[in-house]
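These notes are about the structure you will find just below.
Protein chains: 2
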Amino acid sequence: MNIAIAQSGGPTCAINASLAGVFEAARNSGAVDKIFGSLNGIEGIFDEKLVNLTERINDDVKYQLLLRTPSAVLGSCRRKLPDYKVDSSYYDKITQVLRWNGIEVFFYIGGNDSMDTVAKYSEYLRENEIDDVRIIGIPKTIDNDLCGTDHSPGFGSAAKYVCSTVQEIARDSNVYSIPSVTVIETMGRHAGWLAASSCCLRANGESAPHLIYLPETTFSIEGFLADVKNQMTKHKGVIVVVSEGVKTAEGKFAAEQFQSGQVDTFGHVYLAGIGKFLEKLVAAEIGCKVRSIELNVMQRCSSHIASKEDIDSAEAIGAAAFEAALKGKSGCMMSFVRKSNKPYSYSITTVDAAEAANSEKFFPLEWINEEGNDVLPAAYDYFLPLIQGEVMPIMKNGMPLHLVIE
Amino acid sequence: MNIAIAQSGGPTCAINASLAGVFEAARNSGAVDKIFGSLNGIEGIFDEKLVNLTERINDDVKYQLLLRTPSAVLGSCRRKLPDYKVDSSYYDKITQVLRWNGIEVFFYIGGNDSMDTVAKYSEYLRENEIDDVRIIGIPKTIDNDLCGTDHSPGFGSAAKYVCSTVQEIARDSNVYSIPSVTVIETMGRHAGWLAASSCCLRANGESAPHLIYLPETTFSIEGFLADVKNQMTKHKGVIVVVSEGVKTAEGKFAAEQFQSGQVDTFGHVYLAGIGKFLEKLVAAEIGCKVRSIELNVMQRCSSHIASKEDIDSAEAIGAAAFEAALKGKSGCMMSFVRKSNKPYSYSITTVDAAEAANSEKFFPLEWINEEGNDVLPAAYDYFLPLIQGEVMPIMKNGMPLHLVIE
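Shown next as structure tokens:
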């Protein structure tokens with residue numbers, strides 16, 4: 002049989018490791034003839050843009066580079082499939098291309114939308130009694146908001162980047178003798194996992210971050226200013242970590258509600274991120290030295306400080322997906338089940354892809370303090386195992402090397 | 002004799018390595034009784050806030066952590082000394098404190114302003130015929146704009162961070178099939194060294210960055226838009242690196258001139274950085290997918306990806322400063338003299354601190370292309386040796402450990 006693998010949604014540091022895991026398990030199985038990579042997600046199936054991965058990953062150095070390359074070597078897409086009961090033409094074409102190429106199993110690595118694709122396509126296959134084609138989902142997201150799994154590949158590396166960087170920023174912000182406030186904005190429009198992960202610093206004896214704000218609680222200007230003033234009585238350099246998606250009591254994004262009416266030089270609606278807004282707020286209302294820092298896409302692409310646990314388990318869940326395929330599975334998403342925090346151990350199982358599709362796993366309210374400006378120790382136990390270990394980059398000319406598949 | 006060391010100006014990844022170099026050379030010399038650290042630059046001398054470094058750095062692990070800790074473990078200051086001919090009281094107090102503590106040599110690690118302090122204080126000593134106290138400057142700046150030295154400690158690590166991060170962002174920006182523009186803003190208000198260093202990526206076969214803008218040339222909206230449109234015909238994901246300090250034909254900061262009159266939600270003058278401004282410009286005028294990324298303080302504090310060449314040579318120039326002190330030097334700044342690019346070699350010498358003070362070393366115009374939107378191969382030869390090698394962080398709980406001196 003032949004198989005195909007595609008990647009979808011936002012880039013991460015671990016999505017290529019999951020691709021590597023499927024690829025390596027398939028190659029070693031002796032059960033697979035051709036391993037196709039589909040370019041730009043499921044669009045590569047539709048448009049028949051397939052590459053022969055066995056030719057592209059043909060030595061161990063390339064395999065090792067694949068594990069260390071951020072983003073998605075096969076490219077990505079953001080496509081939500083239509084309802085096949087209304088229009089099945091997209092589904093018919095996908096099935097046709099898979100059959101033409103003798104592809105029996107299609108592995109789709111992605112987040113919510115990709116699992117929606119897995120769920121819809123497997124339902125289509127079932128309804129049409131097609132059993133020579135199957136689809137299996139493999140989770141991926143730095144936001145860690147996928148339901149049906151303890152955590153998602155890509156999150157651990159993003160969290161390790163956030164922790165290491167917040168720690169370095171804490172050093173940097175403390176060099177002057179005057180009081181200062183530093184606001185660090187993380188990704189996470191709906192779920193606060195990444196911002197919350199910065200609590201790990203305290204395991205190393207750091208007092209920072211002094212305030213952590215998540216979308217799961219209510220954010221107010223008054224509460225924020227009072228919190229900052231309070232922390233300034235205890236710390237010379239106050240470090241605040243805030244999720245991009247913190248919300249007001251009205252349930253709106255704080256950055257949008259607080260800046261309504263603001264336009265940019267071009268007369269367009271202008272929205273600074275919440276970090277920049279809070280910087281301006283502190284400057285106006287407290288008047289101390291203040292800086293905002295947006296961690297931006299570095300959170301999802303800083304492979305040079307990837308978590309070994311994340312990369313290893315991303316590879317393992319890819320391999321497990323291939324094993325599940327050999328057992329005849331379809332329409333499922335691979336899932337991590339945590340067995341223990343200390344020592345950390347997990348198993349890999351499958352859940353119905355529909356369980357993960359179109360829903361979001363929020364940061365648990367019971368792990369947030371009463372004031373809504375910090376997280377509780379239970380969170381450390383959850384996060385710490387996910388950021389352990391380093392994957393040394395392969396360097397050339399002083400810079401990390403990546404694998405590029407054109 | 003006793004000695005004192007202080008750190009000044011903006012934080013870097015290498016300023017603690019220079020401190021380590023002076024400390025270790027002094028300790029091994031057998032010629033020094035007490036090695037003092039002065040807290041918050043020269044203010045620690047004035048206020049007599051001195052710590053005994055031999056007690057604080059009392060084992061090899063702490064020494065190794067010192068080499069790997071960003072910012073400035075002794076704290077910093079931004080103080081420009083008054084003219085001693087107008088008011089010598091500050092100078093008199095400094096001299097008094099140094100004498101009280103038996104400090105014969107004061108080592109000052111910093112940038113332009115610190116070298117101004119070295120120059121002024123040594124002139125004061127000379128004019129007043131004081132020869133029992135001396136001062137020696139050690140260069141430091143991520144901006145690489147210090148005159149009198151081939152390069153400055155701290156720059157190589159900042160450049161390595163910029164190169165590695167721009168490369169990872171280039172991967173990240175290329176995952177979708179639609180055209181996009183990514184604008185990356187680096188530090189450098191007057192000199193473009195950091196932005197220019199991103200050219201090193203091409204040594205690894207990367208086409209990015211596709212455009213590089215420096216403060217040394219003239220920046221215009223029309224030229225920028227034409228350049229971007231031109232690059233979009235060649236590359237799906239166009240990567241632009243821009244110095245925060247690019248200037249208009251009128252010699253004003255582009256970010257300021259282009260946004261004059263813009264106010265924020267608080268009614269204050271609002272200036273987005275040049276990167277964010279260019280993002281809005283591309284969105285308004287070209288209308289494609291566009292993102293801006295400010296590398297912010299991560300450029301100066303990301304010790305986890307420090308350049309080994311930078312850290313080693315920062316330590317070496319610290320040790321050389323101590324050797325210069327033993328030879329009776331004063332009023333000088335330590336300086337790197339490059340002997341060869343391939344293989345890279347340098348020597349360390351001294352220059353008059355006044356030569357480095359109050360002047361800036363700009364990126365050479367002859368290394369910039371005719372269009373003013375890229376740099377020439379001579380720049381690669383200059384930059385590449387400075388970003389070589391890695392200093393592995395010492396990790397605990399999955400995060401880098403730092404040394405903190407309270």
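Chains as they are written, first to last, in the numbering used here: chain U, 2 to 407; chain R, 2 to 407. A virtual CB, placed ideally from N, CA and C, is assigned to each residue, including glycine.
{"Check": "Completely contained alpha helix (DSSP H) runs for the region 304-359 of chain U, where each covers 4 or more residues", "Outcome": "309-327 and 354-357"}
{"Check": "Uninterrupted beta strand (DSSP E) stretches inside the region 123-184 of chain R (no shorter than 3 residues)", "Outcome": "135-140"}
{"Check": "Proximity test, Cβ basis, 7 Å: V298/R and chain U", "Outcome": "yes"}
{"Check": "Within-7 Å CB hit, D173/U to chain R", "Outcome": "yes"}
{"Check": "Test: K362/U CB closer than 7 Å to a CB of chain R", "Outcome": "no"}
{"Check": "Sequence ranges, beta strand (DSSP E) only - wholly within the region 175-250 of chain R, length at least 3", "Outcome": "181-187, 212-214 and 238-244"}
{"Check": "Distance between G399/R and R79/U (C-alpha atoms, nearest Å)", "Outcome": "33 Å"}
{"Check": "Cβ shell of S348/R (< 6 Å), same chain only, five flanking positions each side left out", "Outcome": "V338"}
{"Check": "Spatial distance of V298/R from R292/U (CA atoms)", "Outcome": "10 Å"}
{"Check": "Residues of the region 310-327 of chain U whose Cβ lies closer than 7 Å to any Cβ of chain R, in chain order", "Outcome": "none"}
{"Check": "Nearest-angstrom Cα separation, counted from K253/U out to Y92/U", "Outcome": "37 Å"}
{"Check": "Contact with chain R by I306/U, beta-carbon distance below 7 Å", "Outcome": "yes"}
{"Check": "Three-state class that DSSP yields for K277/R in the structure shown", "Outcome": "helix"}
{"Check": "Where V393/U falls, given that 16 or more other Cβ within 10 Å makes a residue buried", "Outcome": "According to the sequence provided, residue 393/U is Met. The question's Val does not apply to it. So M393/U counts as exposed."}
{"Check": "Residue environment, P344/R, which counts as buried when at least 16 other CB atoms sit within 10 Å", "Outcome": "exposed"}
{"Check": "Where the alpha helix (DSSP H) through E44/U begins and ends", "Outcome": "E44 to F47"}
{"Check": "D34/R to G11/U span [Cα, whole Å]", "Outcome": "58 Å"}
{"Check": "Selection of the region 188-219 of chain R by Cβ proximity to chain U, strictly under 8 Å", "Outcome": "C201, L202, A204 and N205"}
{"Check": "Closest by C-alpha distance to L82/R, when choosing among D61/R, V62/R and E124/R", "Outcome": "E124/R"}
{"Check": "Contacts that F254/U makes with chain R (C-beta to C-beta distance below 7 Å)", "Outcome": "By Cβ distance, chain R contributes nothing, its closest Cβ being about 15 Å from F254/U, past 7 Å."}
{"Check": "Cross-chain neighbours of T302/R in chain U, by beta carbon under 7 Å", "Outcome": "Reading the sequence as shown, one finds Cys at residue 302/R and not Thr. What C302/R touches in chain U: E169, I170, R172 and D173."}
{"Check": "Identity of the residues DSSP links to A256/R by a beta bridge", "Outcome": "Paired residue(s): none; A256/R is not in a bridge."}
{"Check": "Simplified DSSP state of T13/U, which is helix, strand or coil", "Outcome": "strand"}
{"Check": "8 Å contact criterion, which F384/U and S198/U should meet: CB distance rounded", "Outcome": "5 Å"}
{"Check": "Minimum C-alpha distance to N3/U - residue among S9/U, R69/U, R100/U and K50/U", "Outcome": "R100/U"}
{"Check": "Uninterrupted beta strand (DSSP E) stretches inside the region 25-81 of chain R (no shorter than 3 residues)", "Outcome": "36-39 and 51-53"}
{"Check": "Within chain R, partners of G390/U - CB distance below 8 Å", "Outcome": "G399"}
{"Check": "Counted within 10 angstroms of its Cβ, other Cβ atoms place L51/R as buried (16 or more) or exposed", "Outcome": "buried"}
{"Check": "Per-residue contacts from Y177/R into chain U (C-beta, under 9 Å)", "Outcome": "N41, G76, S77, C78 and R79"}
{"Check": "Proximity of R69/U and S314/U at Cβ, strictly below 7 Å", "Outcome": "no"}
{"Check": "Three-state secondary structure (DSSP) of Y109/U", "Outcome": "strand"}
{"Check": "V298/U: first and last residue of the uninterrupted alpha helix (DSSP H) it sits in", "Outcome": "Unbroken run through V298/U: none, as it is neither H nor E."}
{"Check": "Through-space distance from A26/R to E324/R, alpha-carbon basis", "Outcome": "8 Å"}
{"Check": "As assigned by DSSP and simplified to three states, the class of S293/R", "Outcome": "strand"}
{"Check": "Per-residue burial, G238/U [other beta carbons within 10 Å of its own, 16 or more giving buried]", "Outcome": "buried"}
{"Check": "Residue span of the alpha helix (DSSP H) that contains Q389/U, given as start and end", "Outcome": "First-last for Q389/U: undefined, no H or E at that position."}
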